[in-house]
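Number of protein chains: 2
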Amino acid sequence: MQISELVTRSGVPLATVKFYIREGMLPPGEATGARRAEYTESHLERLTLIRSLVVVAGLPLGRARRILEIVDEPDDDVTEALGKAVDALVDGDAPSDDPSDVEEIYPLASAAMAALGPEFRRPTRHLTAFAQLDDALRAAQEVGMPIGRERLQLYARHIAAIARSEVGDLPMSPGEAVRVAVLGTTLYEPVLAALRRLAHQNLTTDDHSVSGL
Amino acid sequence: MQISELVTRSGVPLATVKFYIREGMLPPGEATGARRAEYTESHLERLTLIRSLVVVAGLPLGRARRILEIVDEPDDDVTEALGKAVDALVDGDAPSDDPSDVEEIYPLASAAMAALGPEFRRPTRHLTAFAQLDDALRAAQEVGMPIGRERLQLYARHIAAIARSEVGDLPMSPGEAVRVAVLGTTLYEPVLAALRRLAHQNLTTDDHSVSGL
Chain A
24 MQISELVTRS
34 GVPLATVKFY
44 IREGMLPPGE
54 ATGARRAEYT
64 ESHLERLTLI
74 RSLVVVAGLP
84 LGRARRILEI
94 VDEPDDDVTE
104 ALGKAVDALV
114 DGDAPSDDPS
124 DVEEIYPLAS
134 AAMAALGPEF
144 RRPTRHLTAF
154 AQLDDALRAA
164 QEVGMPIGRE
174 RLQLYARHIA
184 AIARSEVGDL
194 PMSPGEAVRV
204 AVLGTTLYEP
214 VLAALRRLAH
224 QNLTTDDHSV
234 SGL
Chain B
24 MQISELVTRS
34 GVPLATVKFY
44 IREGMLPPGE
54 ATGARRAEYT
64 ESHLERLTLI
74 RSLVVVAGLP
84 LGRARRILEI
94 VDEPDDDVTE
104 ALGKAVDALV
114 DGDAPSDDPS
124 DVEEIYPLAS
134 AAMAALGPEF
144 RRPTRHLTAF
154 AQLDDALRAA
164 QEVGMPIGRE
174 RLQLYARHIA
184 AIARSEVGDL
194 PMSPGEAVRV
204 AVLGTTLYEP
214 VLAALRRLAH
224 QNLTTDDHSV
234 SGL
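Chains as they are written, first to last, in my numbering: chain A, 24 to 236; chain B, 24 to 236.
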């Protein structure tokens with residue numbers, strides 16, 4: 024297809040398409056003449072992925088580019104590729120991967136892990152989510168609402184069940200697995216958060232009194 | 024205590040304490056002389072709550088003030104107070120509470136609710152979380168990763184179990200329930216998100232292969 028059709032079908036403005044090509048995020052079309060180039064379905068797919076990352080997931084351009092690089096040249100090891108991609112989602116630098124003093128740097132997350140099941144062993148690298156857990160536990164503690172061991176175990180049990188079903192559905196090719204994992208992490212998180220708020224609302228209305236549960 | 028002690032014990036700078044008093048978010052101390060005022064433990068608690076909302080939960084000042092108003096004068100009805108408080112957490116205006124054309128405005132969330140259990144009936148007011156669910160489902164659909172009925176039912180089952188335990192632990196007084204609900208919504212959400220990412224990481228490492236689950 025010509026670039027005009029790519030623009031129409033993707034809904035992405037011409038100037039933006041050209042910008043992604045200049046930035047190396049979208050490959051150029053195949054030249055078919057002095058001023059003409061041919062684009063394929065894979066260009067359209069790539070453009071949809073870029074827009075998902077930038078517009079839907081709201082990632083800054085630099086982080087979207089980093090994820091495209093991982094999709095393009097994933098490690099042979101899916102785990103490693105997934106770890107890098109999810110690290111790239113988070114604000115700021117990923118924490119150091121040196122695990123030697125993890126318990127000192129992340130005391131709350133370390134203590135939490137010790138109380139949880141095998142899905143929650145301390146990671147040996149890609150500590151971003153571990154650092155995020157430590158921050159979140161500290162914030163709750165600071166306002167006098169620490170999360171107790173029982174509550175944490177209940178959270179872990181249900182979240183592990185959710186995560187198991189998600190991982191079970193992951194495609195096997197590393198590039199595709201990274202794409203699904205990155206978008207799934209970003210896009211399904213707000214679904215889970217909204218469902219929790221809706222359940223809270225319904226559970227506190229009169230005809231769903233707490234005692235009736 | 025004097026204001027200097029309030030500053031020391033809260034860790035909030037003097038200028039910031041005075042600002043909160045001027046803004047009506049923190050009540051003034053009781054005057055004990057021309058230039059002296061006495062502060063109590065309840066001032067310290069209030070200051071901790073303000074800092075939780077502004078610094079820990081990261082709410083803009085206007086939204087923090089709105090929540091303080093609800094804590095101060097909650098409806099007699101806990102549900103109503105909770106609904107208003109959680110509405111105040113979200114960016115932008117809360118959606119209209121007119122439910123007459125809900126299915127037209129939020130088609131994806133409406134369809135999702137129809138597939139789920141009694142914890143997820145469509146709310147009749149305070150539609151913020153409902154709008155959030157509709158947005159999240161649409162975003163997933165747009166990138167070609169719609170959430171199927173089975174996945175949604177699995178999410179709902181586990182999230183409902185989490186929400187039930189949280190609501191069961193809620194204090195009975197409306198003001199205190201609002202405080203706990205607002206902070207719990209804001210502060211425990213990242214805990215759940217971090218646990219999900221950690222579970223993903225562990226479940227995709229070699230010694231926790233998917234087939235072994």
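Note that beta-carbon positions come from the ideal geometry of N, C-alpha and C, so glycine has one too.
C-beta atoms of residue i and residue j nearer than 8 Å
| i | j | result |
| --- | --- | --- |
| Arg-220/B | Thr-208/A | yes |
| Val-113/A | Thr-147/A | no |
| Ala-163/A | Ile-182/B | no |
| Met-48/B | Arg-86/B | no |
| Leu-210/A | Ala-80/A | yes |
Residue i Cβ short of 7 Å to the ligand GDP heavy atom set
| i | result |
| --- | --- |
| Val-30/B | For the structure depicted, the ligand GDP is absent and the ligand set is empty, with no information on it obtainable. |
Backbone CA spacing between residue i and residue j [nearest angstrom]
| i | j | result |
| --- | --- | --- |
| Leu-76/B | Leu-29/A | 46 Å |
| Ala-159/A | Phe-143/A | 16 Å |
| Ala-54/B | Ala-60/B | 4 Å |
| Asn-225/A | Leu-156/B | 15 Å |
| Lys-41/B | Ala-104/A | 50 Å |
| Pro-130/A | Arg-187/B | 29 Å |
| Ile-26/B | Tyr-62/B | 7 Å |
| Glu-126/A | Val-166/B | 39 Å |
| Pro-194/B | Pro-213/B | 22 Å |
| Ile-93/B | Pro-169/A | 23 Å |
| Gly-191/A | Ala-200/A | 11 Å |
| Ser-65/A | Arg-69/B | 57 Å |
| Met-24/B | Thr-39/B | 18 Å |
| Asp-124/A | Thr-31/B | 32 Å |
| Glu-46/B | Asp-95/B | 15 Å |
| Ile-44/B | Tyr-43/A | 51 Å |
| Asp-100/A | Arg-145/A | 19 Å |
Residue of the options minimising C-alpha distance to residue i
| i | options | result |
| --- | --- | --- |
| Gly-140/B | Arg-172/B, Val-109/B and Thr-55/B | Arg-172/B |
| Ala-154/B | Pro-169/B, Ser-133/B and Met-24/B | Ser-133/B |
| Leu-82/A | Asp-100/A, Glu-68/A and Asp-110/A | Asp-110/A |
| Val-78/A | Ser-196/B, Arg-202/B, Arg-161/B and Ala-186/B | Arg-161/B |
| Ile-185/A | Ser-65/B, Leu-67/B and Leu-215/B | Leu-215/B |
| Leu-67/A | Gly-34/A, Val-166/A and Glu-165/A | Gly-34/A |
| Ala-179/A | Pro-130/B, Leu-218/B, Leu-175/B and Ala-57/B | Leu-218/B |
Whole-angstrom C-beta distance between residue j and residue i, which should lie under 8 Å
| i | j | result |
| --- | --- | --- |
| Ile-90/A | Val-205/A | 6 Å |
| Leu-175/B | Ala-135/B | 6 Å |
| His-149/A | Gly-106/A | 3 Å |
| Arg-202/B | Leu-72/B | 7 Å |
Per-residue burial, residue i [other beta carbons within 10 Å of its own, 16 or more giving buried]
| i | result |
| --- | --- |
| Glu-189/A | buried |
| Ala-137/B | exposed |
| Gly-235/B | Interpretation of Gly-235/B is limited by its pLDDT of 34, a score under 50 that renders its predicted location unreliable; no figure is taken from the coordinates. |
| Pro-51/B | exposed |
| Ser-196/A | exposed |
| Leu-37/A | exposed |
| Ala-57/A | exposed |
| Arg-74/A | buried |
| Thr-227/B | buried |
| Ser-232/A | A caution first: Ser-232/A carries a pLDDT of 41, below 50, which makes its placement in the model unreliable, though a value can still be read off. Exposed: under 16 other Cβ atoms inside 10 Å. |
| Asp-229/B | Model confidence at Asp-229/B stands at a pLDDT of 47, short of 50, so the residue's coordinates are unreliable; what they give is reported in the following sentence. Exposed, by the Cβ-count rule. |
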